[in-house]
Structures are given as C-alpha cells and as structure tokens.
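Structure, as structure tokens:
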Amino acid sequence: MSILVIEDEPKTGDYLQRGLAESGFGVRLARNGRDGLHIAREEAIELVVLDVMLPRMDGWEVLAALRADPATAQIPVLFLTARDEVQDRVRGLELGADDYLVKPFAFVELVARIRTLLRRGPVREEAQICIGDMEIDVLMRRVRRGGTPIVLTAQEFALLHLLARRQGQVLSRALIASQVWDMNFDSDTNVIDAAVRRLRRKIDDPFPDKLIHTRRGMGYVCEAVSAAAP
Amino acid sequence: MTAFTMAGWRQSLALRVSAMFTLVVVLAAAGLGSYLYHAFAGEIERRDDIQLLGKLRQVQMLLGRPGAAELLRAQPDYFRDTMSGQENSLVRILAPDGTPLADINALHETYPLPPVAGVVPTLDAIRSWTTSTGAPGRVVAGSARLDNRQVHIVVARAYAERSAMFAGYRRQIAGAALVSALAAALLAALLLRRGLRPLHGVAEHAALVRPGTLAQRLEVKGAPSELLPLIHALNDMLARLQEGYARLSGFSADLAHEFRTPVANLLGQSQVMLAQPRSTGEYEDLIASNIEELERLARMIESMLFLARAGQDEVVLVRQPLQALGELGKVAGFFEGMAEERGLVFACTGDAALTVAADAALLRRALANLVSNAVRHADTGSTIALAAGRRGDSVELSVSNHGAPVASPHLAHLFERFYRADPARSDAEGSTGLGLAIVGAIMDLHGGRASVHVEGTRITFTLVFPAA
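As you go down the protein sequences, you meet chains L and V in turn.
If you read the first sequence in my numbering, its first letter stands for residue 25, the second for the next number, and so on.
If you read the second sequence in my numbering, its first letter stands for residue 25, the second for the next number, and so on.
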C-alpha cells in the first residue's frame with residue numbers, strides 16, 4: 025500500500041516523494057493527471073495527494089474520475105491548492121475530497137493530515153499513555169515521571185496530551201495552536217515556543233531524560249530518547 | 025435606426041433640452057395664436073350678428089310703412105329688390121299661421137325657423153344653421169305689424185366668405201407657430217452649444233488626469249456656478265484617489281521592502297554556506313534558519329491575501345453569539361506562557377453574561393494580534409488588562425498595557441499596513457507589520473471599528489462591535 029502523489033511542479037513533486045518516503049510511507053509519484061489516474065486504478069493506493077493545478081487533465085477532473093470509478097471511489101484524497109479561495113475549497117470537498125492544504129504549507133502539517141486520514145474511523149482514545157518513565161492518566165488528568173507526580177495547568181495538560189497522543193510525530197506550531205487553543209491562523213510562533221518551554225520546565229527540566237524535543241524549523245515531537253535516532 | 029435615435033435622445037442633454045424648449049415655444053405660439061384667433065373671430069361674429077339684427081329692424085320698418093302690405097301683394101319683385109340688398113340676405117315673411125307672405129331666397133337655401141323673439145330681438149335670439157355648401161349661417165326671427173296684422177319676419181344670412189377668411193387666418197397662425205418652432209430649435213441648439221462649452225473644458229481637463237498626475241485639479245475659476253458642485257465633487261474624488269493611490273503604491277513599495285530582507289537573508293546565507301565544505305551541523309543550522317525566514321514570508325503572504333480578500337469583502341463571516349469574557353480568557357490563555365516569561369500578568373474583567381455577535385475565528389485572530397502586540401511592548405512586570413464591556417448598544421473589547429509611550433502622530437497610522445511607530449524594531453520577533461491592519465480589516469468586516477487611545481504610558485486598543 026502506498027500514497028500516490030499527483031503533482032506537476034518538479035521540485036514540489038520531488039520533495040513530497042522524498043519527505044513522505046522518509047516519513048515511512050510507500051510513495052508513487054505521477055507528474056500529470058492522466059498518469060496519476062492510471063496508477064490509482066492499477067496499483068494498490070491507500071491515499072492520494074492531489075495538486076489541483078495540473079496540465080492537460082486538472083485536479084478536479086482527476087478527482088471526479090477517481091470518485092466515479094468504484095475501484096478508486098473509496099481512496100481518501102487530500103488536495104493541494106495555491107489559491108485559497110472559498111469556492112476552490114468548497115468545490116474540492118463537494119467533489120469528494122477528504123481534506124485540503126493551501127500552499128505554502130508546512131511539510132509536517134501534510135504528514136499529520138495524511139496520518140489523520142489514514143487513521144480515520146473510530147479512534148480509540150487511550151486512557152493511559154506511557155512514554156519513557158512518564159505516565160499520563162488521561163481520565164484523571166494526572167502525570168507522573170518515575171513515580172513523581174507533576175502538577176500541570178489545564179492548558180499544559182492539553183498540550184502534553186496532544187504531544188503524547190501523537191508520540192513520535194513532529195507537530196507543527198500551527199497544528200498545536202489549533203488543537204490546544206483553537207487558534208486557527210498562523211500566529212506568532214513565539215507563543216507556542218513559550219508554552220512548550222513552560223511545559224518542559226515541569227516535565228523535562230527536573231529529569232535527566234528529555235521527552236519533548238524541538239525539531240528546528242518544523243515543530244515539536246514527544247518521544248523517549250532511547251526510541252529516537254541513536 | 026430607432027434604437028439609435030432613442031439612445032441619442034437619452035444620451036444627449038442638448039438634444040433633450042432643445043426638444044423641450046422647442047415644444048414650449050410651439051405650445052406658447054399655438055396658445056397665443058389660438059387665443060388671438062378666437063378673440064378676433066368672436067368679435068367678427070358679434071358684428072355680423074348685430075348687422076343681422078339691423079337687417080331685421082330694416083325689414084320691420086319697411087313693413088311698418090303705409091301700403092306695405094299692398095306693395096307686398098302687388099309687386100313682390102320690387103319688394104324683393106328693396107329688401108334683399110345683399111345677395112346673401114335671406115328674408116321670409118310669414119303670417120301667424122305660417123303661411124309665407126314673402127320669401128326672398130336667391131340661393132334657395134333651407135334654414136330653420138327659430139322661435140319668434142318679439143319686436144326687438146336680442147343677440148341671444150340668433151340661431152346658427154349650415155348652408156348646403158357647408159358654410160355657417162345665422163338666423164333670427166322677430167315680429168312686426170303689417171296692416172294691423174301681426175306677421176313674423178325671419179332674417180338669415182350665410183357667411184361663406186367669412187369662413188374662408190378664418191381658414192386663411194388659421195393657416196397663418198399655424199405657419200407662424202411652425203416657423204417659431206424651427207427658429208426656437210435652432211436657437212436652442214446654438215445657445216446650448218455655447219452654454220455647455222464649460223463642460224467640454226471640464227472633460228478636457230479630466231481627460232488629462234493620469235495615475236501620475238493625480239495631483240492636478242479641475243479648474244474652478246470661470247466655471248459657471250451650476251458646474252461648481254460637479255467640479256468640486258470631481259476634485260474631491262481626485263483627492264481621494266490620489267490618497268488611495270499613494271497609499272497603494274507606498275504599500276507596494278513597503279511590501280517589496282519587507283520581502284527583500286528575508287529573501288536577501290535566504291540568498292546570502294545559502295550562498296555563503298555553499299561556498300565552502302561545511303559540517304552537517306552547519307548545513308542543518310542553515311536549513312533551519314531558512315525555514316524560519318520562509319515561514320515569516322509565508323505568514324506575510326497569508327496576511328496579505330487575507331487583507332486583499334477582506335478589502336473586497338470576500339471573507340465569509342459566520343457570526344454567532346460569543347461569550348465576550350470567555351473569548352478574552354481564551355486568548356489570554358494562549359499567550360500565558362509568553363507573558364509569564366516576561367513577568368507579565370493578564371487581568372480579564374467584564375460581565376460574564378455579555379455576548380458579542382462575531383465570527384469566532386476572526387474575533388480570536390483580532391484579539392490575538394492585539395494581545396501579541398501588548399505582550400511584546402508591555403513593560404516587564406506590568407499587567408495587561410483585557411476588558412469586555414457595553415457602551416450604548418455596542419460591545420467593546422479592549423486590550424491595554426503599560427509601555428513606552430507612543431507619540432500621538434503615530435496613533436492615527438497604527439492600523440495601516442506595515443506602519444511601525446518604532447522603525448528600529450521592524451523585524452522584532454516575527455512581527456509582519458500587518459497585525460493591526462488585519463485587526464482593522466476584521467472590524468470592518470464586522471461593521472465595527474478598532475480604535476487606539478493613549479493615556480500617559482498606558483495604551484489601549486478597543487474593538488467596537490455595534491449591536492447586531
């Protein structure tokens with residue numbers, strides 16, 4: 025099973041292919057709509073990342089063709105658009121796309137959306153999350169590290185819970201702002217940095233093993249050091 | 025052809041005014057002519073009627089002479105010659121029982137017999153009739169004595185010549201009206217051409233206005249007073265256009281400048297890095313730094329697009345009642361970490377029941393921009409006050425902080441794009457210089473406004489939402 029990327033812009037296509045492959049996905053790249061449609065019909069594709077501005081056969085036509093064919097109708101489609109017009113978004117979603125991203129977008133954002141789409145369906149919320157020596161009791165909103173209880177404010181807990189739920193995934197600042205504070209716009213990046221620093225003071229500073237890591241230029245990831253790259 | 029004429033009619037002021045003027049002249053000439061004609065004709069008819077009564081009187085006198093009855097019987101031809109005088113005079117003498125005693129009727133006309141109106145009939149007793157040739161006639165009947173016998177005298181007359189004269193007169197009046205109409209049309213066209221000449225002057229001036237010559241104004245001197253309001257309005261429009269154009273081109277210049285810095289950084293540091301072999305760490309640092317610059321550019325582009333769309337009302341508002349104090353609390357919570365690092369405290373005050381009808385995402389964005397500013401500029405250790413209140417029908421949300429005083433000349437410009445009170449801090453901490461412009465645009469979209477107020481070192485930004 026792999027992800028099909030249909031993108032005509034050479035650099036974009038290349039980095040999407042490389043980035044998604046390095047994120048652990050099998051990737052097929054098509055440089056135009058017709059090839060893309062062909063691959064979607066012939067191969068086992070679990071998700072399509074579709075640029076709507078394509079030569080010859082545009083993204084909308086590809087999307088309509090995918091939805092019209094019973095063999096491909098169920099494949100989730102995430103479309104990419106450079107024109108952030110309401111009509112565009114509405115059109116894409118009406119044609120049956122599952123999600124969209126406006127260019128320019130953060131790569132980690134794309135990966136996060138793809139993961140969400142692939143996981144779609146009943147998501148089981150874990151009541152207990154363990155990362156390294158940290159235990160999070162989601163229902164009781166309690167956090168312990170190595171048996172030591174850590175007192176967090178409601179927002180600190182919400183931030184930690186988000187990072188822990190998606191452990192091992194790099195979360196962009198925009199995603200964090202949106203999920204924790206419901207701020208759905210590109211805001212001052214310092215706000216998230218400060219919030220994470222505050223959380224780290226309680227979660228990481230008193231302990232030798234750090235769990236929350238900065239991925240420069242991308243965002244934050246929560247994982248036990250031993251599980252990270254050697 | 026018809027369409028062309030209709031379009032010409034609608035479009036040409038000169039044509040319209042000339043036509044109306046001509047119409048007025050025609051109506052006036054026709055009215056005057058008709059009045060004079062009727063007065064003249066009435067007078068002529070009255071004189072003819074008086075003459076008709078005179079004729080009756082003459083016949084009465086003739087019959088009153090001794091021997092008149094004898095003469096009438098013995099020499100009717102003589103009597104006829106004496107009586108008729110004029111060819112168009114018709115006289116009939118009847119016995120009371122209706123037997124004609126004499127009938128002078130050279131033209132063999134038939135005319136009605138009007139009621140007998142005594143010895144001295146007045147003008148009212150005269151009746152009209154029409155000859156066999158269609159000419160108008162008048163007839164009157166009176167009584168007289170003939171040999172001690174009462175007889176009736178009927179005198180009638182036909183006025184064929186008079187009708188012909190009247191017809192000629194009418195033709196003359198119509199001709200005069202037509203000629204005056206033509207003259208009026210011609211004169212009106214000429215006068216309007218002259219009168220509208222200042223308009224051509226205005227048009228010529230206006231035609232010279234180009235984006236680069238917006239400073240020019242239309243000439244007010246020598247313009248007729250009727251055109252002054254138009255010229256003033258056009259000049260005011262030019263002033264507004266000039267201002268808008270200047271702002272727009274200033275904005276483009278600012279935009280280019282704002283883009284230039286990050287692009288120069290990206291280009292420069294990448295080239296420097298590639299010039300020599302570097303360690304992996306150095307490359308990583310470069311890429312991370314590039315990403316930071318690029319994120320700033322992306323944010324700027326997003327903000328620009330938002331402003332452009334808001335300016336053209338293309339942003340769809342989803343208004344809903346929001347708990348004002350709750351929204352302030354949310355935004356304060358978002359900035360809590362950043363505020364804490366600077367030793368700042370948020371104080372949210374207001375009525376918990378107060379709601380504001382606004383688009384949730386846009387309201388948060390506006391508040392976040394204000395709070396972000398406040399956190400950046402507040403004095404260390406001070407309190408940032410967030411307040412929700414009602415003033416009259418509107419709901420006011422305000423963000424205020426203590427900080428370096430902002431000089432009042434800057435205040436009016438704070439909501440302009442890329443306007444910074446302190447140019448030295450232009451690149452401070454990821455600010456795009458568009459935050460307050462976006463706040464202003466969001467308030468415009470809500471039909472409200474954003475204002476700023478300074479009191480000593482306290483600066484307060486207020487969002488005013490009018491009652492929905």
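Beta carbons: idealized from backbone N, C-alpha and C, even for Gly.
In this text the structure is predicted, and so the values were computed from the model without any measurement.
Neighbouring residues, chain L, relative to residue i (Cβ below 9 Å)
i, result
"residue 396/V", "211, 212, 214, 215"
"residue 441/V", "Within 9 Å Cβ-Cβ: nothing; residue 441/V doesn't reach chain L, min ~17 Å."
"residue 385/V", "206, 207, 208, 209"
"residue 388/V", "205, 206, 207, 208, 209"
"residue 354/V", "205, 206, 207"
Cross-chain neighbours of residue i in chain L, by beta carbon under 8 Å
i, result
"residue 357/V", "179, 205"
"residue 317/V", "Here the premise fails: no neighbours, minimum Cβ distance about 10 Å."
"residue 415/V", "Going along chain L, no residue has its Cβ under 8 Å from residue 415/V, so there is no contact; the nearest lies around 27 Å."
Chain-ordered neighbours of residue i on chain V, where CB pairs are closer than 7 Å
i, result
"residue 218/L", "361, 362, 365"
"residue 171/L", "Chain V residues near residue 171/L: none, gap ~27 Å exceeds 7 Å."
"residue 110/L", "340"
"residue 165/L", "Correct list: empty, because the minimum Cβ distance to chain V is about 16 Å."
With 16 other Cβ atoms within 10 Å as the buried cut-off, status of residue i
i, result
"residue 154/L", "exposed"
"residue 214/L", "buried"
"residue 60/V", "exposed"
"residue 97/L", "exposed"
"residue 29/L", "buried"
"residue 282/V", "buried"
"residue 200/L", "buried"
"residue 25/L", "exposed"
"residue 222/L", "buried"
"residue 27/V", "Note that residue 27/V has pLDDT 46, beneath the 50 cutoff, so the model's placement of it is unreliable and the number below is only indicative. Under this definition residue 27/V is an exposed residue."
"residue 393/V", "buried"
"residue 31/L", "buried"
"residue 84/V", "buried"
"residue 74/V", "exposed"
"residue 252/V", "exposed"
"residue 327/V", "buried"
"residue 172/V", "exposed"
Same chain only: Cβ atoms within 6 Å of residue i, ignoring 5 sequence neighbours per side
i, result
"residue 160/L", "153, 167, 188"
"residue 452/V", "Only weak support exists for where residue 452/V lies, its pLDDT of 49 falling under 50; the value from the coordinates is given anyway. Excluding residues within five positions, none has a Cβ falling inside 6 Å."
"residue 477/V", "484"
"residue 353/V", "372"
"residue 61/L", "86, 89"
"residue 57/L", "78, 81, 86"
"residue 194/L", "132, 239, 242, 243, 245"
Under 9 Å from the C-beta of residue i: neighbouring residues of chain V
i, result
"residue 83/L", "By Cβ distance, chain V contributes nothing, its closest Cβ being about 20 Å from residue 83/L, past 9 Å."
"residue 240/L", "308, 309, 311, 312, 313, 315, 316"
"residue 100/L", "Neighbours of residue 100/L on chain V: none; closest Cβ ~25 Å, over 9 Å."
Close beta carbons around residue i, own chain, < 8 Å, minus the five adjacent residues each side
i, result
"residue 472/V", "418, 487, 488, 489, 490"
"residue 242/V", "226, 229, 230, 255, 258, 259, 262"
"residue 215/V", "none"
"residue 133/V", "114, 155, 156, 161, 180, 182"
"residue 290/V", "314, 317, 318"
"residue 183/L", "200, 204, 219, 220, 223"
"residue 95/L", "65"
"residue 27/L", "44, 49, 50, 51, 52, 69, 70, 71, 72, 73, 138"
Those residues which DSSP pairs with residue i across a bridge
i, result
"residue 235/V", "DSSP output for residue 235/V lists no bridge partner at all."
"residue 160/V", "154/V"
"residue 381/V", "345/V"
"residue 407/V", "369/V"
"residue 244/L", "195/L, 238/L"
"residue 180/V", "114/V, 163/V"
"residue 174/L", "167/L"
"residue 124/L", "103/L"
"residue 419/V", "414/V, 489/V"
Chain-ordered chain V contacts of residue i [CB-CB under 8 Å]
i, result
"residue 221/L", "361, 365"
Listed by chain order, chain L residues near residue i by CB distance under 7 Å
i, result
"residue 326/V", "210"
"residue 323/V", "210"
"residue 392/V", "207, 211"
Neighbourhood of residue i by C-beta distance below 7 Å, restricted to the same chain and skipping five residues each side
i, result
"residue 190/V", "65"
"residue 358/V", "392"
"residue 294/V", "310, 314"
*Return the residues of the region 283-311 of chain V that lie within a Cβ-Cβ distance of less than 9 Å from chain L, sorted by chain order.*
Listed by position, the residues of the region 283-311 of chain V near chain L (Cβ gap below 9 Å) are 308, 309, 311.
*Which of the residues in the region 123-148 of chain L, read from start to end, lie with their CB under 7 Å from any CB of chain V?*
Those would be 128, in chain order.
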